[in-house]
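Heads up: the sequence shown at position 403 corresponds to 403 in UniProt numbering, and the numbers run straight through without jumps. This report concerns only the one structure given below.
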Amino acid sequence: MARDTSDDVQKPEWALSGRERKAAARAKAGLAPKKRRGWLILLILALIAAGALWYMKTQRAAPEEQAAPAEDTTLTMQILPTELLTIEPRLLRETVKVTGSLAPQRQLHLSAEVSGRVEDVTGREGDAVRTGQQLIQIDVETLTNQLEQQRASADSTRAQLKLAQNQLERTRNLVNRGLAPSSDLETGQASADQLAASLTAQEKQVESAQTSLSHARITAPFDGMISNRSVDPGSYVGIGSALMTLVDLSHLEFEATVPVRYAASVKQGLEVELTVEGVGAVQVKGNVERINPVAITGSRMLPIYVGIDNPDGLLRGGMFASGRLVLEEKPDAIGVPYNAVYQDDAGAYVFKRDGDKVVRQGVEVARDWFGGRTVEISSGLSTGDVIVSQPLQQLRAGANIMVVGE
Numbered sequence: 001m002a003r004d005t006s007d008d009v010q011k012p013e014w015a016l017s018g019r020e021r022k023a024a025a026r027a028k029a030g031l032a033p034k035k036r037r038g039w040l041i042l043l044i045l046a047l048i049a050a051g052a053l054w055y056m057k058t059q060r061a062a063p064e065e066q067a068a069p070a071e072d073t074t075l076t077m078q079i080l081p082t083e084l085l086t087i088e089p090r091l092l093r094e095t096v097k098v099t100g101s102l103a104p105q106r107q108l109h110l111s112a113e114v115s116g117r118v119e120d121v122t123g124r125e126g127d128a129v130r131t132g133q134q135l136i137q138i139d140v141e142t143l144t145n146q147l148e149q150q151r152a153s154a155d156s157t158r159a160q161l162k163l164a165q166n167q168l169e170r171t172r173n174l175v176n177r178g179l180a181p182s183s184d185l186e187t188g189q190a191s192a193d194q195l196a197a198s199l200t201a202q203e204k205q206v207e208s209a210q211t212s213l214s215h216a217r218i219t220a221p222f223d224g225m226i227s228n229r230s231v232d233p234g235s236y237v238g239i240g241s242a243l244m245t246l247v248d249l250s251h252l253e254f255e256a257t258v259p260v261r262y263a264a265s266v267k268q269g270l271e272v273e274l275t276v277e278g279v280g281a282v283q284v285k286g287n288v289e290r291i292n293p294v295a296i297t298g299s300r301m302l303p304i305y306v307g308i309d310n311p312d313g314l315l316r317g318g319m320f321a322s323g324r325l326v327l328e329e330k331p332d333a334i335g336v337p338y339n340a341v342y343q344d345d346a347g348a349y350v351f352k353r354d355g356d357k358v359v360r361q362g363v364e365v366a367r368d369w370f371g372g373r374t375v376e377i378s379s380g381l382s383t384g385d386v387i388v389s390q391p392l393q394q395l396r397a398g399a400n401i402m403v404v405g406e
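Okay, here's the thing in structure tokens:
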């Protein structure tokens, strides 16, 4: 609809712009005013110019991109030296963990075999003793008197027996000559037999008294150490009273338990490697000497007994020890960490270093060792080969590698 300019406030002619003068002239002539479309034309021209500019740039860039060489997109992975393993034959083992305590294999509790007052005690706990060394002396006065009495009785009976035997011989001669009845011979024989029996009993009593006298002197039956002393001089002891305990530390016994599932594999003579608490990093070795035929009730654990030589006396009874029982071993074998072996449709393989790259190397797996932590390789790897021993993300066959520090 045409705008009616007659209602607008009239400006003086001198104040009108050129566009307004043209509009006023068209209004006087009865013509509609012109519509303002200049801004639209300018917008269209700007868009055309921008499009032309973009087209020219893309045309210039295309030859440059075609001429530029293709960029190498292959990544180079950094690998630590600890993530590589040089293949060398080594000893592979299958072991089971064992724990337990040490005890002297030979231990003796000395007790009194005679009654009496203790006269002397040699040695205290921790003292070393030698075979035959006197340890305890019990009063022998009473025992000596008893021995003398028994000897005197035996000597008297022996003399009576000799007289009876002589008399028996004379009676036999008289009976043979018919000068004495046979009943005298029988009586003489009975008397002699009775005296002989009495003498035998008295001689046994003499031997017993001699034994008791010898038991009053207690000596060490083997080389060892005193681990406990229960009496002091002046103490009165009866038969069976505890006196002293001796131990032999030259050979100890390690008592441990293993799960019953290993029962078929545990045999006498198998080696055990132990670390003993209290002696630092010293490692001791022993061998299975005995295997309990019955598992511990309710635990499904089988007791085993390991002999350990202790010539220098470094170890002590009661020490705690832990270590591993070697069930099986194989020398000069090739073993790699289990996580260095991969599996695909083509079989088992590892990543082997080939210069600055890694390649897929097929291998044949024999079996697991060390509780599954190590895999034995029967073929595919040789001494001196270098493989990636750790699982690394994005590691692929043919990948470039750079070993840190080389």
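Even glycine gets a Cβ: it sits at the ideal position worked out from N, Cα and C.
Practice prompt. Look up Leu274 in the DSSP assignment and say whether it is helix, strand or coil.
Written response: strand
Worksheet item: At which residues does the alpha helix (DSSP H) containing Lys204 begin and terminate?
Response: Unbroken alpha helix (DSSP H) run through Lys204: Ser182 to His215.
Worksheet item: To the nearest angstrom, how far is it from the Cα of Thr5 to the Cα of Leu45?
Response: Low local confidence applies: a pLDDT of 43 at Thr5 is under 50, so the model's placement there is unreliable, and no value is given.
Worksheet item: Does the segment 315-322 touch the segment 348-359, meaning 3 or more C-beta pairs lie closer than 8 Å?
Response: no
Worksheet entry | Residue ranges of each beta strand (DSSP E) within the segment 355-404, 3 or longer | Counting whole runs of 3 or more residues, the segment 355-404 contains the beta strand (DSSP E) stretches 357-362, 364-369, 374-379, 386-388 and 400-403.
Worksheet item: So what's Ala220 in DSSP terms, helix, strand or just coil?
Response: coil
Practice prompt. Determine whether the Cβ of Glu364 lies closer than 9 Å to any Cβ atom of chain D.
Written response: In the structure shown, chain D cannot be found, because there is only a single protein chain.
Worksheet item: Looking at the unbroken beta strand (DSSP E) that takes in Ser111, where does it start and where does it end?
Response: From DSSP, the beta strand (DSSP E) with Ser111 extends over Arg90 to Ser111.
Item to complete: Specify the secondary structure class of Thr76 as computed by DSSP and reduced to three states.
Response: strand
Item to complete: Confirm the yes/no value for this check: CB of Ala112, any heavy atom of the ligand COA, distance under 8 Å.
Response: Among the ligands in the structure shown, none appear at all, so the ligand COA cannot be discussed.
Practice prompt. Compare the Cα-Cα distances from Val341 to each of Pro181, Asp127, Leu246 and Arg360 and report the closest residue.
Written response: The candidate whose alpha carbon is nearest that of Val341 is Arg360.
Discussion item. If I follow the unbroken beta strand (DSSP E) through Leu314, where does it start and stop?
Written reply: Neither: Leu314 is in no beta strand (DSSP E) and is coded neither H nor E.
Fill in: Presumed contact (8 Å Cβ cut-off) between Gln137 and Arg261, rounded CB distance
Not confirmed; about 55 Å, so no contact.
Worksheet item: Quick one: Cα of Thr200 to Cα of Leu161, how far?
Response: 11 Å
Discussion item. Which residues does DSSP list as the beta-bridge partners of Gly347?
Written reply: Per the DSSP secondary-structure output, Gly347 pairs in a beta bridge with Asp344.
Fill in: Contacting residues, own chain, Cβ-Cβ under 7 Å from Val114 (five flanking each side not counted)
Ile138, Leu143, Ser212, His215, Ala216 and Ile239
Discussion item. Can you look up Gln283 in the DSSP assignment and give me helix, strand or coil?
Written reply: Gln283: strand per DSSP, three-state reduction.
Worksheet item: What do you get for Asn173, buried or exposed, if any count of 16 or more other CB atoms within 10 angstroms of its CB means buried?
Response: Asn173 is exposed by the Cβ-count criterion.
Worksheet item: Should Asn310 be labelled buried (16 or more other beta-carbon atoms within 10 Å of its own) or exposed?
Response: buried
Worksheet item: Under 9 Å, do Gly380 and Gly355 count as touching if we go by C-beta distance?
Response: no
Worksheet item: Exposed or buried, what is Glu253 when buried is set at 16 or more other beta-carbons lying within 10 Å of its beta-carbon?
Response: Buried.
Practice prompt. State the beta-bridge partners of Val260 as determined by DSSP.
Written response: Answer is none; Val260 lacks a bridge partner.
Fill in: Short Cβ contact (9 Å threshold) for Pro233 with Val96
No.
Discussion item. I believe Ala180 touches Thr171 by the beta-carbon criterion, under 8 Å. Please report the beta-carbon distance rounded to the nearest angstrom.
Written reply: 6 Å
Worksheet item: CA-CA distance, Lys357 and Val388?
Response: The alpha-carbon atoms of Lys357 and Val388 are separated by roughly 11 Å.
Discussion item. Less than 8 Å between C-beta atoms, sequence neighbours within five positions excluded: which residues of the same chain meet that for Ala68?
Written reply: Residue placement at Ala68 is flagged as unreliable, the pLDDT there being 37, under the threshold of 50; a coordinate-derived value is accordingly withheld.
Worksheet item: What's the gap between the Cα of Val404 and the Cα of Gly269?
Response: 47 Å
Fill in: Same chain only: Cβ atoms within 8 Å of Glu376, ignoring 5 sequence neighbours per side
Leu92, Lys330, Ala333, Ile334, Gly335, Val365, Ala366, Arg367, Asp368 and Trp369
Discussion item. Need the endpoints of the beta strand (DSSP E) that Lys330 sits in, please.
Written reply: Phe320 to Ala333
Worksheet entry | Pairwise C-alpha distance: Asn400 and Glu71 | Residue placement at Glu71 cannot be trusted, given a pLDDT of 38 that sits under 50; the coordinates are not used to answer.
Worksheet entry | CA-to-CA distance, Thr383 to Met77, given in whole angstroms | 25 Å
Discussion item. Which residue marks the beginning of the beta strand (DSSP E) containing Arg117, and which one marks its end?
Written reply: Gly116 to Val121
Discussion item. Determine whether the beta carbon atoms of Leu110 and Leu246 lie at a separation below 9 Å.
Written reply: yes
Worksheet item: If you check the beta carbons only, do Glu125 and Ser227 fall under 9 Å apart?
Response: yes
Fill in: Cβ shell of Gln146 (< 8 Å), same chain only, five flanking positions each side left out
Ala209 and Ser212
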